[in-house]
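> Here's a structure for you.
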């Protein structure tokens, strides 16, 4: 099963990569950006293997992306991490540390029939792998939760050009301000998990090798973890408002919603995050 | 304006989207829901139903009837769940609420065999206290005595080196683990690694892996590997145990059965061979219980009920100037 998955994933990425290479031969080089950002939001996590309760709280996020895009194609490698101290309905003072790290690759192609100078529609795929470390000391030997969730997702992005095409002057109280022509975009990206995999704790959650420190970090983290495929779901949505500056850089305000259920072999992990981010995009020379 | 409306609609849609995706929050203080949750968790994962001949279905019937027949406050409900967990006769089984902790306390159900005052007053003339160990020479420096009161007590290899080197010229050691209620398995491994010269299989472990009460994974071998380039002691070691020797100490005691130079002296250990795993009830109370079995080299799982001493001995509480168990260990080393 594992090999089928890897072959499928490799073929998909290889296929996309080949197509991109052909694109790059026939078209000028696409603008590229380094994106650095941060934000905060509300995280909600429940691991039914150890608790029927949701743990909720504020979580902070940082993200670092490399994006190459134009009207026809968009590619991005991205990294983000989320960290928060979450509590449940009854134990408000307990410590339950959540750390999640996402690594991903997004690739989108324009659908010409659904695009015009004002609206641009792209579809493609998003491969995302998320690794979570959760620490809740009240669970004793089950204090450390560790899992990986990997999803191959169908992606669709709609971008609306909301540029200011004419300079204008506005008056705020006694002051006048001139607003220059500015390129601006409002975009909405939706990712739906097609192939959902996870690497989760086994039936009893924690095993003897995992509590013996002498066995090394790998045994501590992975003892009796189970790999599961075609299991669970993931939905990710992102709304971006991007303003381009005269020097080619840009600023971006985003609302990101990410939710998944990693059903695993035994009991599921459920996660949802609503976050607001601010990012700066530096044009890559 | 249209753009703003679209923006707000999207935000509103996803603001509560996970409520559509996930099952509802199961948080509740309903007593029956919490009772059923706990009973089911134990049913799915507890590891010693068969060894202890526990009819868990009958326990459910009995305690459900008790729940239905009496009015419940938080405290009476805690007592009811605690009593139900005590049917497992297992000190690795606990229920923890903001106002109380349920404990089975196997040691209190048996005669005590340790009095630290007796040891301090009549055996330790010039004791050293190194990390979590108290130690001294006995019997004209022919024997080293080491007291380790809890496997929660930290130490490092330098401390162990000092102790092992200090008693390297003795004929034997007494390692006193009476009333040692357990702690970290790492310390078990760290100490035992000083008493073996080759990698030694000492026991097996297997863990529940299915809903059937006798569903277990494969036996996993547990080895002790000698501590490389560190001080070792390969002469006789008398390990003193009693019913208060629980959990990691029972694990240690079981491991000695595979090590010919180590001899258990005293009473049967308290048990606690399973690894306790924790979880949470819908009302926020915390529980834990054993999910694995430890077995000897013949794959017998008696350790949960206690590892019997190789040389039984009892403390005589009518004479507090003498520790009969230490005396018996001295006799065994000097014979």
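Residue numbers (the numbering used here), protein chains in the order written: chain A, 1 to 285; chain B, 286 to 620.
We put the CB at the ideal spot given by N, CA and C, even for glycine.
Using a Cβ cut-off of 8 Å (strictly closer), state whether residue 193 of chain A contacts chain B.
For the purposes of this step, residue 193 of chain A is taken as residue 193 along the first chain, with counting starting at 1. Cβ-Cβ to chain B under 8 Å: no for residue 193 of chain A.
> Taking the alpha carbon of residue 501 of chain B as the point to measure from, which residue in B:489, B:509, B:508 and B:512 has its own alpha carbon closest?
Taking the first residue of the second chain as position 1, residue 501 of chain B is located at position 216. When only C-alpha atoms are compared, the closest one is B:489.
> Between which two residues does the beta strand (DSSP E) holding residue 576 of chain B run?
To locate residue 576 of chain B, count along the second chain from 1; it is residue 291. Under the DSSP assignment, residue 576 of chain B falls outside any beta strand (DSSP E); it carries neither an H nor an E label.
> CB-CB under 7 Å to residue 86 of chain A, same chain, minus the five flanking residues each way: which ones, in chain order?
Counted from its first residue, the first chain places residue 86 of chain A at position 86. 43, 45, 55, 56, 57, 96 and 98.
> Determine, using beta carbons only, whether residue 488 of chain B comes closer than 8 Å to chain A.
In the second chain, the residue the question calls residue 488 of chain B occupies position 203. With 8 Å as the cut-off, residue 488 of chain B does not count as an interface residue toward chain A.
> Find the residues of chain A that neighbour residue 370 of chain B, judging by a C-beta separation of less than 9 Å, and give them in chain order.
Indexing the second chain from 1 puts residue 370 of chain B at position 85. What residue 370 of chain B touches in chain A: nothing, since even the nearest Cβ is about 15 Å away.
> Please look up how many angstroms separate the CB atoms of residue 382 of chain B and residue 570 of chain B, rounded, as I've assumed it's under 8 Å.
Counting from one through the second chain, the residue named residue 382 of chain B turns up at place 97. Counting from one through the second chain, the residue named residue 570 of chain B turns up at place 285. Their Cβ separation, rounded to whole angstroms, is 5 Å, which keeps residue 382 of chain B and residue 570 of chain B in contact under 8 Å.
> Below 8 Å, can you find three or more Cβ-Cβ pairs linking the region 156-174 of chain A to the region 527-541 of chain B?
no
> Which value, in whole angstroms, describes the spacing of the CA atoms of residue 328 of chain B and residue 497 of chain B?
Sequence index remark: in the second chain, residue 328 of chain B carries index 43 (1-based). Sequence index remark: in the second chain, residue 497 of chain B carries index 212 (1-based). Going from the Cα of residue 328 of chain B to the Cα of residue 497 of chain B covers about 9 Å.
> Using 8 Å as the Cβ pair cut-off and three pairs as the minimum, do the region 219-237 of chain A and the region 174-184 of chain A touch?
no
> Determine the DSSP secondary structure at residue 54 of chain A, reduced to helix, strand or coil.
Within the first chain, numbered from 1, the residue matching residue 54 of chain A stands at position 54. Three-state DSSP puts residue 54 of chain A in coil, outside helix and strand.
> Determine the direct distance from the alpha carbon of residue 112 of chain A to that of residue 163 of chain A, and round the result to whole angstroms.
Taking the first residue of the first chain as 1, we reach residue 163 of chain A at position 163. Taking the first residue of the first chain as 1, we reach residue 112 of chain A at position 112. The alpha-carbon atoms of residue 163 of chain A and residue 112 of chain A are separated by roughly 21 Å.
> According to a CB-to-CB cut-off of less than 9 Å, which residues of the region 557-572 of chain B neighbour chain A?
560, 561, 562, 563, 564, 565, 566, 567, 568, 569, 570 and 571
> Beta carbons nearer than 8 Å to chain B: which residues of the region 136-170 of chain A have them?
138, 139, 140, 141, 142, 143, 160 and 162
> Can you find a CB in chain D that lies within less than 8 Å of the CB of residue 484 of chain B?
Of the chains in the structure shown, none is chain D; the protein chains are A and B.
> By alpha-carbon positions, which one of A:60, A:31, A:149 and A:34 ends up nearest to residue 277 of chain A?
The residue labelled residue 277 of chain A in the question sits at position 277 within the first chain. Selected option, being the one with the closest Cα: A:60.
> Can you confirm whether residue 208 of chain A, when its beta carbon is compared against all beta carbons of chain B, has any partner nearer than 8 Å?
Taking the first residue of the first chain as position 1, residue 208 of chain A is located at position 208. Contacts with chain B at 8 Å (Cβ-Cβ) include residue 208 of chain A.
> Using only the alpha-carbon positions, how far apart do residue 226 of chain A and residue 308 of chain B sit?
Translated into positions along the first chain, residue 226 of chain A becomes position 226. Translated into positions along the second chain, residue 308 of chain B becomes position 23. In a straight line, the C-alpha of residue 226 of chain A is about 23 Å away from that of residue 308 of chain B.
> Just by C-beta distance, which residues in the region 51-83 of chain A are closer than 7 Å to chain B?
51, 52, 53 and 54
> Just tell me which of B:446, B:312, B:579 and B:399 has its CA closest to the CA of residue 623 of chain B.
Residue 623 of chain B lies beyond the stretch modelled for chain B, which goes from 286 to 620, so this question has no answer here.
> DSSP on residue 281 of chain A, reduced to helix/strand/coil?
By 1-based counting over the first chain, the position of residue 281 of chain A is 281. It is a strand residue.
> Distance check for residue 129 of chain A and residue 115 of chain A, CA to CA, integer angstroms please.
Locating residue 115 of chain A in the first chain gives position 115, counting from the first residue. Locating residue 129 of chain A in the first chain gives position 129, counting from the first residue. Between residue 115 of chain A and residue 129 of chain A, the C-alpha separation is close to 30 Å.
> Going by Cα to Cα distance, which pick from B:587, B:574, B:556 and B:582 is closest to residue 395 of chain B?
The residue given as residue 395 of chain B occupies position 110 in the second chain. The residue with the shortest Cα to Cα distance from residue 395 of chain B is B:556.
> Just to make sure I have the definition right: I need the residues of chain A whose C-beta is within less than 9 Å of the C-beta of residue 494 of chain B. Which are they?
One-based indexing of the second chain puts residue 494 of chain B at position 209. Within chain A, the residues near residue 494 of chain B are 202, 203, 204 and 224.
> To the nearest whole angstrom, what separates the beta carbons of residue 153 of chain A and residue 108 of chain A, a pair I think is in contact under 8 Å?
Taking the first residue of the first chain as 1, we reach residue 153 of chain A at position 153. Taking the first residue of the first chain as 1, we reach residue 108 of chain A at position 108. Not confirmed; about 12 Å, so no contact.
> Which stretch, first to last residue, makes up the alpha helix (DSSP H) that contains residue 225 of chain A?
Residue numbering aside, residue 225 of chain A sits at position 225 when the first chain is read from its first letter. No alpha helix (DSSP H) contains residue 225 of chain A, which DSSP labels as neither H nor E.
> Check whether the Cβ atoms of residue 479 of chain B and residue 515 of chain B sit closer than 8 Å, and answer yes or no.
As a first step, residue 479 of chain B must be located in the second chain, where it is residue number 194. As a first step, residue 515 of chain B must be located in the second chain, where it is residue number 230. Yes, Cβ-Cβ distance for residue 479 of chain B and residue 515 of chain B is below 8 Å.
> Taking just the CA atoms, how far does residue 140 of chain A sit from residue 30 of chain A?
In the first chain, residue 30 of chain A corresponds to position 30, counting from 1. In the first chain, residue 140 of chain A corresponds to position 140, counting from 1. Cα to Cα, residue 30 of chain A sits roughly 52 Å from residue 140 of chain A.
> Mind checking if residue 586 of chain B is an interface residue toward chain A, Cβ cutoff 8 Å exclusive?
Along the second chain, read from residue 1 onward, the residue named residue 586 of chain B stands at position 301. Look at residue 586 of chain B: its C-beta is not under 8 Å from any C-beta on chain A.
> At 7 Å on the CB atoms, spell out the chain A contacts of residue 531 of chain B, in chain order.
In the second chain, the residue the question calls residue 531 of chain B occupies position 246. Neighbours of residue 531 of chain B on chain A: none; closest Cβ ~15 Å, over 7 Å.
> Using a Cβ-Cβ cut-off of 8 Å (strictly less than) and excluding sequence neighbours within five positions of residue 363 of chain B, which residues of its own chain qualify?
If you number the second chain from 1, residue 363 of chain B lands on position 78. Cβ neighbours of residue 363 of chain B beyond the five flanking positions: 380, 382, 384, 385, 387 and 570.
> Which one or two residues does DSSP pair with residue 275 of chain A in a beta bridge?
By one-based count along the first chain, residue 275 of chain A stands at place 275. Partner(s): A:41 and A:256.
> Enumerate, from N- to C-terminal direction, the unbroken beta strand (DSSP E) stretches of 3 or more residues contained entirely within the region 370-416 of chain B.
379-381 and 413-415
> What is the rounded straight-line gap between the Cα of residue 8 of chain A and the Cα of residue 75 of chain A?
As a working note, residue 8 of chain A is residue 8 in the first chain. As a working note, residue 75 of chain A is residue 75 in the first chain. No answer about residue 8 of chain A holds up, because its pLDDT of 42 lies below 50 and its placement is not dependable.
> Closer than 6 Å by C-beta to residue 124 of chain A: which residues in its own chain qualify, once you throw out the five before and the five after it? Chain order, please.
Translated into the one-based positions of the first chain, residue 124 of chain A becomes position 124. Cβ neighbours of residue 124 of chain A beyond the five flanking positions: 107, 108, 109 and 155.
> In angstroms, rounded to a whole number, what distance separates the CA positions of residue 204 of chain A and residue 250 of chain A?
Looking up residue 204 of chain A in the first chain gives position 204. Looking up residue 250 of chain A in the first chain gives position 250. Each residue's Cα considered, the two are about 49 Å apart.
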